[in-house]
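Contents: one structure, followed by commentary.
Protein chains: 4
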Amino acid sequence: MVATLGFVGLGTMGGRMARRLLDAGHAVVGWNRTPAKAKPLVDRGLRLADSPRAVAEAAEVVFSMVTDPAALRGVALGEDGIVAGLRPGAVYVDMSTVSPAATREVGERVRARGAAMLDAPVSGSISTLEQGQLAIMVGGDPAVLERVRPYLLAIGPTITHVGPLGLAVAMKLAINLGLGIQMVAFSEAVLLAEKAGIAREAAVDALLKSVAASPMLKYRGPFVLKMPEAAWASAQLMEKDLQLALDLGREAGVPLPTTALASALYTATRAAGLAAQDMAAVFDVLARLGGLRESPKA
Amino acid sequence: MVATLGFVGLGTMGGRMARRLLDAGHAVVGWNRTPAKAKPLVDRGLRLADSPRAVAEAAEVVFSMVTDPAALRGVALGEDGIVAGLRPGAVYVDMSTVSPAATREVGERVRARGAAMLDAPVSGSISTLEQGQLAIMVGGDPAVLERVRPYLLAIGPTITHVGPLGLAVAMKLAINLGLGIQMVAFSEAVLLAEKAGIAREAAVDALLKSVAASPMLKYRGPFVLKMPEAAWASAQLMEKDLQLALDLGREAGVPLPTTALASALYTATRAAGLAAQDMAAVFDVLARLGGLRESPKA
Amino acid sequence: MVATLGFVGLGTMGGRMARRLLDAGHAVVGWNRTPAKAKPLVDRGLRLADSPRAVAEAAEVVFSMVTDPAALRGVALGEDGIVAGLRPGAVYVDMSTVSPAATREVGERVRARGAAMLDAPVSGSISTLEQGQLAIMVGGDPAVLERVRPYLLAIGPTITHVGPLGLAVAMKLAINLGLGIQMVAFSEAVLLAEKAGIAREAAVDALLKSVAASPMLKYRGPFVLKMPEAAWASAQLMEKDLQLALDLGREAGVPLPTTALASALYTATRAAGLAAQDMAAVFDVLARLGGLRESPKA
Amino acid sequence: MVATLGFVGLGTMGGRMARRLLDAGHAVVGWNRTPAKAKPLVDRGLRLADSPRAVAEAAEVVFSMVTDPAALRGVALGEDGIVAGLRPGAVYVDMSTVSPAATREVGERVRARGAAMLDAPVSGSISTLEQGQLAIMVGGDPAVLERVRPYLLAIGPTITHVGPLGLAVAMKLAINLGLGIQMVAFSEAVLLAEKAGIAREAAVDALLKSVAASPMLKYRGPFVLKMPEAAWASAQLMEKDLQLALDLGREAGVPLPTTALASALYTATRAAGLAAQDMAAVFDVLARLGGLRESPKA
Numbered sequence: 019m020v021a022t023l024g025f026v027g028l029g030t031m032g033g034r035m036a037r038r039l040l041d042a043g044h045a046v047v048g049w050n051r052t053p054a055k056a057k058p059l060v061d062r063g064l065r066l067a068d069s070p071r072a073v074a075e076a077a078e079v080v081f082s083m084v085t086d087p088a089a090l091r092g093v094a095l096g097e098d099g100i101v102a103g104l105r106p107g108a109v110y111v112d113m114s115t116v117s118p119a120a121t122r123e124v125g126e127r128v129r130a131r132g133a134a135m136l137d138a139p140v141s142g143s144i145s146t147l148e149q150g151q152l153a154i155m156v157g158g159d160p161a162v163l164e165r166v167r168p169y170l171l172a173i174g175p176t177i178t179h180v181g182p183l184g185l186a187v188a189m190k191l192a193i194n195l196g197l198g199i200q201m202v203a204f205s206e207a208v209l210l211a212e213k214a215g216i217a218r219e220a221a222v223d224a225l226l227k228s229v230a231a232s233p234m235l236k237y238r239g240p241f242v243l244k245m246p247e248a249a250w251a252s253a254q255l256m257e258k259d260l261q262l263a264l265d266l267g268r269e270a271g272v273p274l275p276t277t278a279l280a281s282a283l284y285t286a287t288r289a290a291g292l293a294a295q296d297m298a299a300v301f302d303v304l305a306r307l308g309g310l311r312e313s314p315k316a
Numbered sequence: 019m020v021a022t023l024g025f026v027g028l029g030t031m032g033g034r035m036a037r038r039l040l041d042a043g044h045a046v047v048g049w050n051r052t053p054a055k056a057k058p059l060v061d062r063g064l065r066l067a068d069s070p071r072a073v074a075e076a077a078e079v080v081f082s083m084v085t086d087p088a089a090l091r092g093v094a095l096g097e098d099g100i101v102a103g104l105r106p107g108a109v110y111v112d113m114s115t116v117s118p119a120a121t122r123e124v125g126e127r128v129r130a131r132g133a134a135m136l137d138a139p140v141s142g143s144i145s146t147l148e149q150g151q152l153a154i155m156v157g158g159d160p161a162v163l164e165r166v167r168p169y170l171l172a173i174g175p176t177i178t179h180v181g182p183l184g185l186a187v188a189m190k191l192a193i194n195l196g197l198g199i200q201m202v203a204f205s206e207a208v209l210l211a212e213k214a215g216i217a218r219e220a221a222v223d224a225l226l227k228s229v230a231a232s233p234m235l236k237y238r239g240p241f242v243l244k245m246p247e248a249a250w251a252s253a254q255l256m257e258k259d260l261q262l263a264l265d266l267g268r269e270a271g272v273p274l275p276t277t278a279l280a281s282a283l284y285t286a287t288r289a290a291g292l293a294a295q296d297m298a299a300v301f302d303v304l305a306r307l308g309g310l311r312e313s314p315k316a
Numbered sequence: 019m020v021a022t023l024g025f026v027g028l029g030t031m032g033g034r035m036a037r038r039l040l041d042a043g044h045a046v047v048g049w050n051r052t053p054a055k056a057k058p059l060v061d062r063g064l065r066l067a068d069s070p071r072a073v074a075e076a077a078e079v080v081f082s083m084v085t086d087p088a089a090l091r092g093v094a095l096g097e098d099g100i101v102a103g104l105r106p107g108a109v110y111v112d113m114s115t116v117s118p119a120a121t122r123e124v125g126e127r128v129r130a131r132g133a134a135m136l137d138a139p140v141s142g143s144i145s146t147l148e149q150g151q152l153a154i155m156v157g158g159d160p161a162v163l164e165r166v167r168p169y170l171l172a173i174g175p176t177i178t179h180v181g182p183l184g185l186a187v188a189m190k191l192a193i194n195l196g197l198g199i200q201m202v203a204f205s206e207a208v209l210l211a212e213k214a215g216i217a218r219e220a221a222v223d224a225l226l227k228s229v230a231a232s233p234m235l236k237y238r239g240p241f242v243l244k245m246p247e248a249a250w251a252s253a254q255l256m257e258k259d260l261q262l263a264l265d266l267g268r269e270a271g272v273p274l275p276t277t278a279l280a281s282a283l284y285t286a287t288r289a290a291g292l293a294a295q296d297m298a299a300v301f302d303v304l305a306r307l308g309g310l311r312e313s314p315k316a
Numbered sequence: 019m020v021a022t023l024g025f026v027g028l029g030t031m032g033g034r035m036a037r038r039l040l041d042a043g044h045a046v047v048g049w050n051r052t053p054a055k056a057k058p059l060v061d062r063g064l065r066l067a068d069s070p071r072a073v074a075e076a077a078e079v080v081f082s083m084v085t086d087p088a089a090l091r092g093v094a095l096g097e098d099g100i101v102a103g104l105r106p107g108a109v110y111v112d113m114s115t116v117s118p119a120a121t122r123e124v125g126e127r128v129r130a131r132g133a134a135m136l137d138a139p140v141s142g143s144i145s146t147l148e149q150g151q152l153a154i155m156v157g158g159d160p161a162v163l164e165r166v167r168p169y170l171l172a173i174g175p176t177i178t179h180v181g182p183l184g185l186a187v188a189m190k191l192a193i194n195l196g197l198g199i200q201m202v203a204f205s206e207a208v209l210l211a212e213k214a215g216i217a218r219e220a221a222v223d224a225l226l227k228s229v230a231a232s233p234m235l236k237y238r239g240p241f242v243l244k245m246p247e248a249a250w251a252s253a254q255l256m257e258k259d260l261q262l263a264l265d266l267g268r269e270a271g272v273p274l275p276t277t278a279l280a281s282a283l284y285t286a287t288r289a290a291g292l293a294a295q296d297m298a299a300v301f302d303v304l305a306r307l308g309g310l311r312e313s314p315k316a
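Protein chains in written order, with our numbering: chain W, 19 to 316; chain S, 19 to 316; chain E, 19 to 316; chain H, 19 to 316.
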């Protein structure tokens with residue numbers, strides 16, 4: 019079933035998602051804060067609209083992929099926002115990692131327009147996405163999910179319904195806090211081994227052979243030996259996710275002491291000028307604290 | 019090549035190791051603080067000696083597996099200790115997770131007797147061991163390792179030489195701090211998700227499908243839904259390992275902030291009366307902090 | 019010089035401040051979310067207005083004292099807010115502990131109306147205020163401060179100009195993070211001493227005689243022996259202040275690891291049902307973690 | 019009552035204590051690891067002995083002041099140690115900040131010799147001592163304390179009996195963890211204020227006027243503006259005290275999360291090459307983390 023779909027936010031992740039929708043044969047109307055960046059997509063048939071609202075006016079289903087709750091409010095609300103353009107009966111799927119509070123705030127406006135909203139954050143990196151292996155968690159009405167499932171499948175093959183609107187984002191934040199802390203723990207382990215007399219390479223190797231080696235550590239752990247040219251997920255993005263997790267924790271009344279400490283270390287990563295580096299750069303903060311050399315940069 | 023081997027410390031792990039040596043056809047002389055516990059091994063042919071020293075006097079290669087640096091000094095040093103009984107040219111392999119400092123202290127005495135020492139801590143649980151899948155890291159002279167490799171292979175199939183004496187134990191502590199922190203991070207993630215409105219089972223499921231799911235979390239994560247009857251590795255043991263990691267860090271001059279915080283949480287686990295539970299019981303400490311129910315106990 | 023002053027937010031602190039202004043002979047127009055609570059002030063001559071805006075319309079100088087940035091925006095902005103009622107040339111003095119960002123946001127609207135704003139958070143407790151000993155830090159134009167100094171002096175005798183608008187609030191948050199952490203450190207010290215075998219009373223006594231005994235600890239430390247009936251500053255308020263400090267830290271790019279950890283402990287205090295207790299109740303969270311008895315409640 | 023007293027450990031603090039005993043008219047026999055450093059005391063009448071044991075053989079009451087539990091065992095135990103030389107009925111007063119475990123271990127040997135031991139750690143800096151204002155906490159038999167009280171009064175005027183042997187040291191560690199954390203909290207507060215736009219000097223000033231200003235902060239806080247030439251108490255000493263507090267906490271089963279985190283920061287201070295600086299140098303570690311300039315060094 020070919021449809022006219024909208025996509026707001028055509029950055030690193032969003033652009034690749036829109037491309038997969040185009041490749042699946044759908045008509046895609048898009049919007050990006052910096053339109054020039056969407057040129058390759060336009061070459062493949064994407065039609066650029068003037069505003070998020072115009073995207074929504076043209077589409078049956080609208081997707082968005084932005085960086086944080088403020089950006090979500092920016093594209094979704096206001097006179098030129100997505101909500102203002104949604105057709106009755108349309109579906110709005112936000113794929114960003116934002117906050118349950120922002121998601122629900124937008125969701126209420128969507129419902130007031132007679133449309134429906136889902137939150138559908140994704141798990142995985144750019145390469146997972148390009149290989150068509152992305153996992154998508156979905157919050158919202160299951161019947162609405164069924165209506166958009168074919169389009170989501172064009173983006174990624176694994177779709178898990180988590181609960182009502184906002185809970186997919188909550189689950190995503192919970193997952194990401196674990197990733198952020200794991201990278202800190204891995205760094206402390208490498209540095210302890212190194213300072214005890216084991217070569218950094220050998221320490222990384224031993225850790226990645228151990229039962230601590232999560233899939234994330236398997237790809238990101240070696241970054242402490244050589245940082246990639248482009249961040250898979252930046253330190254700044256992880257700092258933001260940890261902040262959102264802490265905000266949600268405070269709202270819900272659950273203390274997250276280790277997350278709080280890790281959050282300070284990613285802020286230190288940004289303060290050290292490494293905000294745009296892969297989040298593995300938190301290693302450098304800990305290396306400096308221990309008087310050890312930082313990770314070699316690409 | 020069948021040999022007469024010694025084994026000091028026939029507890030949960032040590033006993034199973036000695037059994038594998040017996041099963042491989044070796045003569046094994048053993049010692050345990052509580053001799054009665056070694057009954058099943060005696061039934062399979064192990065000969066009990068009166069002291070660690072007597073074990074060493076009877077064997078070409080002596081193994082030990084005890085709980086901490088104090089216990090290592092207890093069985094290795096002194097008039098009745100292993101070192102006092104070592105034959106010239108013998109090899110002493112300590113498989114405990116202790117400290118590089120304790121290992122080297124014993125190692126010097128061993129060398130003074132004209133024998134050689136290796137540290138050979140293991141990675142993996144009882145079931146890994148029983149399935150013959152244990153990974154062994156070894157520190158010490160590579161030539162000495164070659165001499166005892168056949169016996170180590172009877173215990174576990176994967177042997178990695180890490181460096182000079184003491185470094186295998188250092189690497190083990192580095193790995194274990196990662197495991198201790200991962201369990202804390204996993205707990206914070208589950209509790210955040212739960213308090214945000216996601217069922218605990220669903221949260222565990224989503225986390226174990228994510229890129230954060232290390233092999234350790236794959237087997238231990240579900241413990242927060244139902245704690246096992248017997249600890250795979252107790253909270254008290256993890257507290258001890260984190261303390262040893264912190265001590266090594268201080269000695270080496272490398273700060274380990276997240277390890278330090280996790281250490282306090284495992285001490286809290288012990289203070290809560292859960293010392294003998296699996297280390298996954300640290301979840302309960304965090305659950306109480308957030309006003310959530312603890313993990314169901316077997 | 020007797021003037022007509024406005025006061026928005028007549029709670030525990032705000033009410034007592036308004037009373038001091040009345041006692042100094044000024045005419046005071048006030049507003050409170052729950053008007054009934056202002057009865058004692060009305061008995062002393064305060065005139066209640068219908069809205070924050072009406073307060074501003076009636077006064078030369080308007081004060082406000084509310085709990086957090088959201089409450090500040092609630093009383094200051096919008097159709098019925100203070101800003102909408104400010105006369106040209108009027109001065110608006112916010113005495114709340116909010117955030118520099120919220121202060122500046124309101125400040126811009128105030129300037130747009132041709133009025134001026136100061137942030138003037140206070141240091142000290144209810145009893146300090148009642149004894150006329152309150153210290154006030156002020157941010158904003160020094161010339162504007164001179165115009166309202168007489169009224170501020172009626173509230174408290176010590177006035178320190180910190181810098182441009184917003185910096186007094188920033189300084190206040192910095193001070194309060196120190197108070198929040200000190201109470202945690204004091205709790206850890208008492209509990210360590212107690213578990214080592216020293217009576218809690220003796221431990222408190224020794225700490226309060228030591229060089230660690232800040233004025234805050236001198237009055238709050240004994241609360242772990244007997245919590246006061248009414249909070250001097252509640253655990254929830256401290257949790258809020260630490261959150262604001264952390265938010266400011268993230269905004270400014272300065273990591274605050276100890277503040278982050280303390281913040282989690284105050285969230286745990288709230289999760290334990292002690293939100294309305296004095297912030298000294300963080301002691302109970304740590305006492306429980308160590309398996310020790312909580313502070314006796316009034 | 020003039021007596022022959024022994025003093026082992028004539029360093030920065032110990033030397034000044036011995037001098038006060040000499041000034042009070044007592045005969046003092048002393049020992050120092052580096053005898054040359056005791057020259058000024060010898061000039062004032064102190065007699066140097068060949069070993070700690072020889073000191074004890076010559077004195078009715080022996081004092082010691084050393085840096086850590088290992089140093090205490092070094093001077094107290096063994097063939098040439100204090101215990102071996104104690105006369106029956108003598109009193110041994112250790113004034114070091116060590117650990118209750120080490121104190122009790124030595125105490126048992128002292129009792130076995132028919133002598134008595136007290137632990138008597140002191141609160142205060144070199145200048146407090148020189149002004150005759152030192153506070154002394156004492157653990158052990160109160161009757162024994164009465165016998166040595168006149169000599170202790172020559173060292174400092176405030177003597178508080180805390181409980182049985184070892185508890186004075188425990189109390190001292192509890193006090194010191196509070197000092198270590200306060201300096202960290204103060205640093206975070208200064209850095210937050212500074213990064214928010216307040217001059218460092220103004221921030222220090224505001225903090226030292228606030229209710230957070232403990233006597234310790236009053237003298238040490240200004241060090242972040244200019245570090246003293248000589249440490250009042252070095253970062254390394256504070257790291258050691260925090261480690262002893264954490265060890266005691268683990269032994270006693272009380273988690274100390276904030277102490278654990280602070281401990282990592284003092285280890286980082288040492289890793290940054292600032293071990294011998296005043297403990298206020300922990301400020302530099304946090305300043306670097308936030309990308310701010312370090313404290314000016316003398």
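No residue lacks a Cβ here, since even glycine has one placed at the ideal position from N, Cα and C.
For W/G157, the enclosing beta strand (DSSP E) starts and ends at A153 to G157. For W/L163, no Cβ of chain E is located within less than 9 Å of the residue's own Cβ.
At a Cβ-Cβ threshold of 9 Å, W/R238 and W/A298 count as neighbours. In this model, W/L310 and W/G215 are separated by some 12 Å (Cα to Cα).
In the three-state reduction of the DSSP assignment, W/G181 falls in the strand class, which pools E and B.
Residue burial is scored here from C-beta neighbours: E/G125 has at least 16 other C-beta atoms within 10 angstroms and is therefore classed as buried. A straight-line Cα-Cα distance of about 49 Å links W/P233 and H/A224.
Secondary structure at W/G125: helix, using DSSP grouped into helix, strand and coil. In the DSSP assignment, H/F25 falls outside any alpha helix (DSSP H) and within the unbroken beta strand (DSSP E) covering T22 to V26. According to DSSP, S/F81 shares a beta bridge with S/F25 and S/V111.
Residues of the same chain with a CB within less than 6 Å of the CB of W/A230, apart from the 5 flanking positions on each side, do not exist. Between S/A54 and the set S/L66, S/V47, S/V93 and S/V46, the nearest pair of CA atoms involves S/L66.
Taking a Cβ-Cβ threshold of 9 Å, the residues of chain W close to H/G308 are T285, A286 and A289, in chain order.
The C-alpha of E/V140 is placed about 11 Å away from the C-alpha of E/M35. Any Cβ of chain W closer than 9 Å to the Cβ of H/L279 would place that residue at the interface, and such an atom is present.
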